[in-house]
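Residue numbers (our numbering), protein chains in the order written: chain A, 940 to 1366; chain B, 362 to 637. Please read the structure below before turning to the comments.
Encoded structure:
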């Protein structure tokens, strides 16, 4: 019999609620009654049968399995079957027929259950959460997926519903629609935030790259965390609406997303966000008339104030407290309108290689240099002034530590950091 | 005897320095009052509350700058307007503001005895329970007013669809509160009757005096002025509400008197109500 190792992992799909990348699975093919070395034998696939189909539609099967007919040898036939795993679990059985090198392929199929539940814990930047999920895979027979996710964490609580549909025959081309609500508390700014949003995204491959275009509409509500919140932050309380369009391009040739051994990841992201302004048309209403007048009352300009960038923390500029760099007022950090951040990291195996080949492989020593800056823009000054502003008073840090890889989902870092370029007000 | 008087003076010094430390800083120049946008957004009930506070601060001779912000309701620590920002403290609603101002050493009701103070509190409760609730009812539970005025004004600073969502949310909240206090099933006519009764009580108490407690205005005068003046000068879908108030001539004279004395006169001169 032949065994097949490390098939290509499935293309990443679904909304980014933290869809955990499915690890490549080890697949074993059952030994046949006829023990033959089939591996490199030339074959012609004559028939393909499917046993056990229920709700899966025919056209998507033909798309996915069309490759099986083109298979020239056993390896290719088996690889073609992997694409179908999103629809059902499909062990491969082979039979022999008519032609001396003819092959009858029968897929004995178990469709995925209509409803599956999951319970995970997630770790993020110094926060943890527990995630309950409900998944309805292959909902209408063409690999559509509906996911409901509820996450309860130390900083954020959220729930969301998402609908995902790939294009039959080409799973890398897909779109999904999400509806979500996130509530979070941010002590570094003394802010409480509730976001309710709708988003739609469309992914498609172009040559070796993967592109995603996403529209996101969010209703954001900000509130003060306590009575001691600074007035600058209190002024941002209230409701606002943001509509944004983003495009991301990813080229990922790494062999693991947590501690890759080879390959490179390039991600280019652009976002255009509009604070939707209220319409300027005059409203047909009766105006309050008071005899005494107040000259020119100051009006609130709904500039995109609540949507700031933050800098600092264990994954941006290490050595600084979470989001605690930049403009602040009475101890609350306000964020900035522009930022840049960069890092240089070097990972090496542990010195003297303890536990080599086993437990020790999960650790790396880690040397890093992080830098970044955050500021508010003064639109009257022009881009030269902005670049100059971002280039002065750079915050940076360097240090070393140990990284531990936790499964394929997270990493634990213990670093000794030396923060430099600290400006007054940073923490 | 000599030692006795020295001891008394020492006690007095201690008491006055204690009082000074409680009041801490004097009233700053940049004290600010926040309310919603005057022209397009603010509603009858909020305007009345804001005017009451402004009148009160005028009567105490404390300057305050009025700033209009669309999110004033959400900035307020209690969710109600107006609120004042004095130094680094934020205080909202007339009751707490009166207390805050008293702690700084200014008070309008110091001259009243206990009986009068209790009476003043009772009338303030009457205004809040009757007049303010009637205003809220008219704004949020009378379909004609809601459709023509309230809904559009409340959501005006926000883009679609947020303007509708927030207006419906607020309406649902107010209706729920009305049910809780037993006003859910009242008709508009019953509410107007209640307004009339309230005005009658106020008119009787005022009589021919210039202010409710004879010569000097108190926070009750500020509160009554805020509500009555706003009702009189606001155009709604119909005039029934302001007609109820106009029935009482001494109330009309009272409003005019306060307006002339505390707003027009001062507005021309040193502008104690400065607005930016």
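Ideal Cβ positions, reconstructed from N, Cα and C, are used throughout, including at glycine.
Closest residue to residue 1000 of chain A among A:1058, A:1109, A:1131 (Cα-Cα distance): A:1109
Where residue 1220 of chain A falls, given that 16 or more other Cβ within 10 Å makes a residue buried: Note on residue 1220 of chain A: pLDDT 38, under 50, position unreliable in the model; no value is reported.
Where residue 1268 of chain A meets chain B, residues with beta-carbon distance less than 8 Å: What residue 1268 of chain A touches in chain B: nothing, since even the nearest Cβ is about 11 Å away.
Residues near residue 1315 of chain A in its chain [Cβ-Cβ closer than 8 Å; skip 5 each side]: 1266, 1275, 1276, 1277
Any C-beta of chain B under 8 Å from that of residue 1166 of chain A: yes
Test: residue 638 of chain B CB closer than 8 Å to a CB of chain A: This structure does not reach residue 638 of chain B, given that chain B is present from 362 up to 637, and the question cannot be answered.
Per DSSP, the bridge partner or partners of residue 429 of chain B: B:396
Buried or exposed by the 16-neighbour rule on C-beta atoms within 10 Å, applied to residue 1235 of chain A: Model confidence at residue 1235 of chain A stands at a pLDDT of 28, short of 50, so the residue's coordinates are unreliable; what they give is reported in the following sentence. Under this definition residue 1235 of chain A is an exposed residue.
C-beta neighbour in chain A for residue 491 of chain B, strict 8 Å: no
For residue 1261 of chain A, the three-state DSSP class (helix, strand or coil): coil
Supposed contact pair residue 437 of chain B and residue 453 of chain B - C-beta distance, whole angstroms, cut 8 Å: 4 Å
Per-residue contacts from residue 1180 of chain A into chain B (C-beta, under 9 Å): 519, 520, 521, 522, 523
For residue 407 of chain B, the first and last residue of its enclosing alpha helix (DSSP H): 405-420
Min CB distance residue 578 of chain B to chain A below 8 Å: Judged by the 8 Å Cβ criterion, residue 578 of chain B is not in contact with chain A.
Three-state secondary structure assigned by DSSP to residue 1341 of chain A: strand
Under 8 Å from the C-beta of residue 446 of chain B: neighbouring residues of chain A: Residues of chain A passing the Cβ test: 1170.
Own chain residues within Cβ distance below 8 Å of residue 1355 of chain A, not counting five before or after: Only residues of its own chain outside the window of five on either side were considered, and among them 1338, 1339, 1340 have a CB closer than 8 Å to the CB of residue 1355 of chain A, listed in chain order.
Cβ pair residue 584 of chain B, residue 616 of chain B closer than 8 Å: For residue 584 of chain B and residue 616 of chain B, no; Cβs fall outside 8 Å.
Pair within 8 Å by beta-carbon distance, residue 577 of chain B and residue 423 of chain B: no
Contacting residues, own chain, Cβ-Cβ under 6 Å from residue 572 of chain B (five flanking each side not counted): 578, 582
In DSSP terms, what residue 1061 of chain A is bridged to: A:1068
Within chain A, partners of residue 527 of chain B - CB distance below 8 Å: 1178
Environment of residue 1167 of chain A [buried if 16+ CB atoms lie within 10 Å]: Exposed, since its Cβ has fewer than 16 Cβ neighbours within 10 Å.
The stretch 1139-1162 of chain A: positions lying closer than 9 Å to chain B by Cβ: Shown in chain order are the members of the stretch 1139-1162 of chain A whose Cβ falls below 9 Å from a Cβ of chain B: 1158, 1160, 1161, 1162.
Within-8 Å CB hit, residue 506 of chain B to chain A: no
Cβ of residue 1292 of chain A within 8 Å of any chain B Cβ: no
Extent of the continuous beta strand (DSSP E) run through residue 1134 of chain A: 1130-1145
C-beta atoms of residue 433 of chain B and residue 396 of chain B nearer than 8 Å: yes
Buried versus exposed, by CB contacts within 10 Å (16 or more), residue 1298 of chain A: exposed
For residue 596 of chain B, three-class secondary structure by DSSP: coil
Residues bridged to residue 1155 of chain A (per DSSP): Its beta-bridge partners are A:1138, A:1183.
Entirely enclosed alpha helix (DSSP H) segments - the stretch 507-571 of chain B, minimum 4 residues: As far as the stretch 507-571 of chain B is concerned, its whole alpha helix (DSSP H) runs of at least 4 residues are 512-516, 523-541, 549-567.
Closer than 8 Å to chain B by CB, residue 1368 of chain A: Here chain A has residues from 940 to 1366 only, and residue 1368 of chain A is not among them.
beta-carbon residue 1358 of chain A near the ligand FMN non-hydrogen atom, thresh 7 Å: Among the components modelled here there is no ligand, and therefore nothing to report on the ligand FMN.
Proximal residues of chain A, C-beta to C-beta of residue 443 of chain B below 8 Å: Simply none; closest approach about 13 Å.
Minimum C-alpha distance to residue 1343 of chain A - residue among A:1273, A:1302, A:1124, A:1181: Here the closest residue by C-alpha is A:1302.
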